[in-house]
Structure formats: structure tokens, C-alpha cells
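Protein chains in written order, with this note's numbering: chain A, 13 to 288; chain B, 764 to 1068; chain C, 2 to 331.
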Amino acid sequence: MTLKQAFAALGALIVGGVAIVAILAPWITPHDPFLQDLNARMQPPFWMDGSSPEHLLGTDQLGRDYLSRLIYGARISMIIGVLVVICSGLIGTTLGVLGGFFGGRVDAVVMFVITCRLAIPLILIALTVVAFVGSSFTVVVLTLGLLLWERFAVVSRTTTMQVRTLDYVAAAQAAGCSRFYILLREVLPNIIHHLVVVATLEMALAILLEAALSFLGLGVPSPLPSWGLMISEAKDYMYFSPWVIMIPGVTLFVLVLGINLLGDGLRDRLGATRDA
Amino acid sequence: MLNFLARRAVLALLVLATVLTVSFALTRLSGDVAVAMAGPNATQQDVEIIRKNYGLDRPLPVQFVAWVRDAATGDLGRSYLYHAPVAELISARVPITLTLGLTGLCIALLTAIPLGILAATREGSVLDRAIMMVAVVGQAMPSFWLGLVLVIWLGVRLQWLPISGVETWQGYILPGVVLAFSAIPALMRLTRSGMVDALASDYIRTARAKGLSRARIILTHALRNAAMPVVAVAAVQLGFMLGGSIVIEAVFSLNGVGYLAWESISKNDFPVVQAVVLFLATIYIVLTLVADLFNAVLDPRLRTA
Amino acid sequence: MRDDVAPLLEVENLRVRFGTQVDAVRGVSLTVRKGETHCLVGESGCGKSVSALAIMGLLTRSAARTADTLRFGGENLIGIKDRALAKLRGDRMAMIFQEPMTSLNPAFTVGSQLAEVLQRHRKATRAQSLERAAELLAKVGISNPGLRLGQFPHQLSGGLRQRVMIAMALMCDPELLIADEPTTALDVTVQAQILRLLLGLQRELGLAILLITHDLGVVARVAHRVSVMYAGEVVESATAPALFAGPTHPYTHGLLACVPVPGQVRRGEPLGSIPGTVPRLAPGLRGCAFRERCAHAVAACADAVPTHYRGPDHPYRCRLSSDWAEARAA
């Protein structure tokens, strides 16, 4: 196995592992992640003095078990990642395929929409919408899902344009197939491997963005244990107990790294285009 | 050349108009603005006063047109929170955000381009893989977390650099580095792939046949061709940095436009929010225009396009 | 050609291996004298371009080049540092390539690409270099050189670009010009013009030219000497008249039989062809590489192949005696 393949396998392992943890969360968490115990605040994790075997990774400033919150945080990250990718994938792919296939005026409109979307400051708009509509899990998913589609659109547009000129599409047109049929059965299956790669990258981005939004207080609302929110809440204590921000940060980093490694591996495996 | 510029400029204006309309609509439609601005403790009377003062009782299109008209003359409204003209608030903070963004971009370019060139000239070697690993790691790093970690280690434990405020120029280093981290992976990959392609091309073989020095071949002939996409992406990355500075400014307590935006959003100070969107969107669009211009300068084939 | 003039380029037993898989060149020997055009002819994939690149030192890092002798103007080219070789390239030995459309850098003007050769090798100023560039553009038959200097490659046609490449090669008055299929990518009419140009320049400047081609018509027009290559080695070498009058190696014989000569081909007769395909150039190939396709192959051809002589200057690598063709026809 080459080094590249090893890294891709590592990525798959990480993502798979986190997914399993997320799915099994209700059964494997030692404590209730929302249960506060003000007598057991700020206990350090097991590798430091003063730790308690009850709380393997210690407790946060409200006495909640850190490990349990971490596990539930995995749920939040994974679910948000998947939902956002589905939503933005649908929007972006539709736009891109339509523009790439029909060309002309349709494509001009699609390009204009993409350019406008690129001109919008992402974080700012996301923050604004969440602030005014109210911060909740659904709002975060919808906001990110409705904003993160531009790479799907660009890649599907480019690949559709390449595929459109190939012979099997011409053959289908000559055979009298409807355009909808051609899009669904001839174009889509042949661009989907590029989109899978984009999906992994966008998932990583969605997870990072949700963490950033939650960190700023305008993402998933407290007391939900989003990793970004955990880092934010721990900010005030980080000088004395750096582990409170290190642990969720490291898990966030490892998850995103895993997704990126997996995405790179998929790109090499599926022979997809090299997008920066 | 002029034709090229003119067409791009018209397109840019159209995009700006669309973005403003969309953001205006988004903010106005996501709830009752007057209620949000008044805050949770306001009475019905407070809300009505706000509605009157800020013209929020007029139909939406009228509000939009009025805002555009005012903005064109430099009047961006008054901040509800600060009781000061928004234009003043923003212009006072622009230098900080701009300096931060440019610092970040400089650090990013100075790191990414040499590393990308190095990786390309040693393609396939251990050094190449190591450099690419740096890119992969950088892409996965949450910037706000990196900022906090650097604050703890470099700022507090080792006391090397200041961790908040920008009284001295050193105050820009840590936040600049964190900003750069988000841009370096993409720029490095792009430089590397552009150089690899350029170095494999026929005109490089010609350059070698002419007996030119290795330095000239890499840095003049190859880089000039590899630079085009890098320039475009660099301009876009600067835009991201200016937009993404919200997070960094919050972490490092820098009093820039991003911090202002965050405060205003949290406290529902609408006029400021709308103005910041205008500011950032304009910058993005201008930067894209600049990137197009750069590309035309670098690639003579585009000038007739 | 006078044999007492010392050869400008001496190559003996040149070998090039890529990685561990491909022996692209398995023993090329040739000499080129001042004022002489030596054509290296063979089909695609026989290793002629690689040989040219090897002589110039332009191979990639993954290529291993060895030779018993590789001398240019008396200087040994084997074992010298790349920097020293780079000093020779563009100055005393120059090369032009097959694809004029992609051989020029699209980002720089024609003038600057010409000028930098002189600036590099002669430390000339930009003005002096541009002046010489204009001179050479005129010499290669480009009208309005001043205008062309300021233009970009994409504004020129293929034929013009190839002329620019020739001018670029001549900037420092080289002694040897290696031309790798310079006319293959051009229209037929332009081909003739370029060949005429090269011949004229050779007469005027006393250039030695190593011309790589697969086209026997080109060979007939311009060659003083010919070396025929097959599967990585030179199988026959002679002066052009001698080769066309008496092709001795079965491959050369077959090649010439493939060329239909007007007036000598009868209607209904099949055109000549050589059956079979070129063997894979894996390392360790022993014996004659042509034996699979040769009508005269015997068991001994799988072992070492002797070098025979049809004339004092006409070696060929085959066990057959030099008059086998005449004997058969009789």
C-alpha cells in the first residue's frame, strides 16, 4: 500500500469511527451530557492530577461530563455535515448541470447567480440570518445548506460541459430521448464521482463553519454540546485549564482532517478533476 | 483592454446590485426588524418609536431605494447602538481590518509560493510529500481554535507576542498567521500544480535548450505561467480573509470591521449590518475585478478575449 | 565531404535507459562534420528524438545516459556538470523542436525570448540583443521583423513560429544545429520553404546540422550523410547517395521499397510494407531487434550481430553479406 493509500485509509477509519460513535451515542455515553453537577466543576482529565475515574475526560465549568458532551458533539457535527451537504449538493448540482448542459442564456444566468453567491461574505450572511431568525439547529443547517452550494455548481457545470460533447450523449439525443432522461441517466452518472469528492470537502467545510458560528455564539444554541460552542464556553478558563479547549479542538481537527484525507483518497481513486 | 475593463465593470455593478438586494431582503424578511432592534425588554411604545425613526413602516422597496440613494451620497444611516453615523464607525475600523487582511495575505503568499515551487521542482520526493502534508493539515485546522492555542502558548506561556489589541505592529502577527493558515493550503497546492504543469511543457524544454540558467527557467519562464491561477485565487483569498476576519478579530479582540459586524449582529443593530455587507461585497467584487486585470496582464492571450 | 576535417560531433555507443523498464537507445554511433547535414532517420518510437535530447543533455532526471564517446568540438560531454553543458546549449550547439505551436512561451514577446539567448551567453544589452534578433528574423525570411519582435507567439502562424525558433537557435552563431523533425507539424508547402531555409543557412554559415526525421523524402533532399535507426540502435550508416543506391540492411531495404516512386510502380501491384511490429525495448534485448520481421533471419540472429561494411564509410549491422540484394535479383 502506498503512502497515499495509507492516508486515505486513515481518513476512512477516522470518519467511520466518528460516525459509529455518533450513531451509538445514546448507548455509549457514560453520563447525561446535559446533567450539571456544580460540586464537580472543572475536573481535569485522566492524565492529570486530581482527576476522577467517574469523568474520564473531566468536567466543564458547569460540572457536565466532558466525554459525554464530546460524544454528543460528534453527533451534531456529523449530522450537520451530512444534511448541509445533501441540501447544498442538490441546489448546486441542479444549477450546474442545467447551466452546463443547456449553455447559452441558461448558462449565463447560472454563471451570474454563482458570481453573486461568491460575492456574498459567507460568514457575515450566515451570522446575520441566524441572529435574526433565531439560533437553532434547524436554522443553522438550512442557512449553511442554502449558502454552501457554489463548489457543487462550478464542478457539476464544468464536468457537464465536458460530458455533453461526448458521443453517448449524442447517441441518446439521436435516439430521441427526452432531455430530462439524458440528464438523469447519461450525464449524472458520469459526473457523480467528481461530486462525491466535492461532497467530502464541503462536508468538512460545513463542520468547520458550524463550529465557527457556534463559537461566535450564533450557531447551535447552548446547552447543545457543539464542539465549537464547547470551545467558546471554555474560553474564559483556558488560561488555567488549557485542556478544556484543547480536547474539543483536537477532535474537531481530527474529524475534518479525516474527511479531507478521505476526500483526497477518493479523488485519486475515482480519477476526479483536480480542484484547488 | 479598455473594452475588457468596461465589460467587467458593468458585470461587477450588476452583481453588487443583486447582492445588496438579496441581503436587504434577507435581513428585513427574517423577522420584525423594529422588534429585534428594540430588544427583549422594550415596550410596544419603544418598538413604535424605533419603527418611525428608522422608517421601518414604509413598504420594503421604498426602504431599499431610500437606503441606496443615501448610501450613494455616503450616508449609511445611524447606528442604533452607538448613536453615531455608521459611515464614521466603519471608516474608523477599516484600517485595522485592511492591515490585518494584507498581513495575512503577505504571510500566506510568502509561505505558500516558495513552498509550492519547492514541492514542484522536487516532485515525488519526500520533501514534496512533507510539504503537501502541511497543506492537508492546514486545511483541517479550525482557525478560531488555532488562534486560541497560539494565544495560550505564544502569548501567555512564552510571552513572545501580544495577544490582543494592535498598539504595536507585533499585534498583527498572531492574527495574521492564523488568517494565513486558512489560505496557505489552497495557494500552495495551486502553485505546485501550476508549476508542475509549466515545467513539463514544451516551452520549458526550449528554454533549457537555450542554455538558460535553472533559476531563470523556474522563476521567470515557468512561474510566469503558473502564477495566473494563483493570482486569481490570492485575490479571492484576500476577500475571504476580510470576511473571515470576524472570527479572528473576536478571538484577538481587535477593533476592526469584523468585530463591529459581530457586535452589531448580536445586538441587532441593522443599519450597521447592512452597511458592512455593502462594504465587504464591494471589496470582494473589486478584488475579483483586480484579479481579472492581473490575469490579463500576465496572460497576453486573454487581452483579446 | 572532406574526411580529413575533424568531426564536430562524435558519438559512439550512446545508450539511454529510462528507469528500469525501457532501453530507449541501445547503441547509437554517428559523427557530424562542419558544413554537413547528417540525417537520423527511423520510424516513430525508434529512439531518434531521445538520442538528440541525450546529446544536448536535455533528458529528464529519470533517464540514465552512457556513451563510450560523446564529444563536441573536441570537448567531452560525458561527465561534465549540467551547468557547463547549459553554457554550451544555445551558444555553440542549438536545437529546434517538432511542435512550433507549443515551443514558445506564451507569456513573453518573441523579441524578449530571442534576446535572452544573447543576454545570457554574451552578456549583451537588451538593445544589442534585439538588434541582432531583428537581423536574424530577416535572415530567416520573416518580413517586418520590427513588428514581430513585439508580438506574442499566439499571434504568429505555425510556419512563422518555426522560423522564429530557427532564428532563436542562430542567435549566438552555433556550430551545430540539431533539428528534431522540424517540418513534420507543418503544411507541405511550408515544409519545403523551411528545408530550403535550413540549406541556405548551412551554406552561408557553415552550420553542421543533425536532422531527425521519419520522412525519406526530406532525407533525399537535404542529407549528406544518413544514419538509419531501428529499435534504439543505428543499423546502417552511409552517405546519402550511397544509401539510396545500395541499401544493405534488410530494414533499410524494406523502407526504401515502401516508398512508391512515380513511374516505377505498376498498377495493381501492392505497395511495399514490412510485416510485424517494433519489439518492446525492455532491458536485456539480445541479438538483432529486426529478426522477427526479417525474411532472412536465422537462429544465429538471436545472438550478437556483426558489423559489416559495404564500403569504407558504409557500415551496417547484419550477418548478410553486402551484396545479398544484387545476388537475389540476379
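In this text, a Cβ means the ideal position worked out from N, Cα and C, and glycines have one as well.
A distance below 7 Å separates the beta carbons of B:L823 and B:R791.
Against chain B, the beta carbon of C:K88 has neighbours under 7 Å at G974, listed in chain order. The alpha-carbon separation between B:A1024 and B:A1013 amounts to approximately 10 Å.
Excluding five sequence positions before and after C:E13, the CB atoms of its chain that fall closer than 6 Å to its own CB belong to S30, D69, T70, given in chain order. Taken in chain order, the whole alpha helix (DSSP H) runs of length 4 or more contained in the stretch 966-1044 of chain B are 986-1015, 1020-1029. By the Cβ neighbour-count rule, A:M60 is exposed, with fewer than 16 other Cβ atoms within 10 Å of its own. C:S104 reaches chain B at D965, Y966, R968, T969, counting residues in chain order whose Cβ is nearer than 8 Å. B:Q826 and B:T1045 have their C-alpha atoms roughly 20 Å apart. Annotated three-state conformation of A:C99 is helix, per DSSP. Flagged as an interface residue toward chain C: B:H984, by a C-beta distance shorter than 7 Å.
The DSSP-derived three-state label of A:C189 is coil. Excluding five sequence positions before and after A:L139, the CB atoms of its chain that fall closer than 8 Å to its own CB belong to L225, L228, L230, given in chain order.
Within the same chain, Cβ atoms closer than 6 Å to the Cβ of A:I103 are found at W161, the five residues on either side in sequence being excluded. Using a Cβ-Cβ cut-off of 7 Å, B:M958 does not count as an interface residue toward chain A, since no Cβ of chain A sits closer than that to its own.
At a cut-off of 7 Å, the C-beta of A:A143 has a neighbouring C-beta in chain B. For B:D891, no beta strand (DSSP E) segment is defined; the enclosing uninterrupted segment is the alpha helix (DSSP H) at 889-903. Under the three-state reduction of DSSP output, C:V299 falls in the coil class, being neither helix nor strand. Under the DSSP assignment, C:M169 falls in the alpha helix (DSSP H) whose first and last residues are 159-171. B:V849 and B:V1020 have their C-alpha atoms spaced approximately 11 Å apart.
The Cβ of A:P57 sits no closer than 7 Å to any Cβ of chain B. Exposure of A:L25 is indicated by the presence of fewer than 16 other C-beta atoms within 10 angstroms of its C-beta.
Scanning chain B for C-beta atoms nearer than 8 Å to the C-beta of A:F265 yields A903, M904, P905, W908, reported in chain order.
Taking a contact to require three or more Cβ pairs closer than 8 Å, the stretch 771-784 of chain B and the stretch 942-949 of chain B do not qualify as touching. Of all residues in the stretch 1052-1064 of chain B, the ones placed with a Cβ closer than 8 Å to any Cβ belonging to chain C are L1061, D1062, P1063, R1064, in chain order. Setting aside the 5 residues that flank it on each side, C:V26 is surrounded in the same chain by L15, R16, V17, G48, V51, S52, A55, G233, each with a C-beta closer than 7 Å to its C-beta; the list follows chain order. By the C-beta density criterion, C:K124 is exposed, having fewer than 16 other C-beta atoms within 10 angstroms. If you compare the alpha carbons of B:S1016, B:L937, B:A1038 with that of A:K247, the shortest gap goes to B:S1016.
When only Cα atoms are considered, C:I167 and C:L119 end up about 14 Å apart. Using a CB distance cut-off of 7 Å, A:A186 does not count as an interface residue toward chain B. Among the CB atoms of chain B, one or more fall inside 7 Å of the CB of A:F227. Residue environment for A:G28: exposed (fewer than 16 other C-beta atoms within 10 angstroms of its C-beta). Selection B:I853, B:A970, B:L909, B:P858 evaluated against A:V262 yields B:L909 as nearest (Cα-Cα). When only Cα atoms are considered, B:L779 and B:V1049 end up about 10 Å apart. A distance below 7 Å separates the beta carbons of C:E11 and C:R72. Counting only residues of its own chain and dropping the five nearest sequence neighbours on each side, A:M250 has a CB closer than 7 Å to the CB of V256, I257. Closest in alpha carbon position to B:L852, among B:L1061, B:L1056, B:A1038, B:A1059, is B:A1038.
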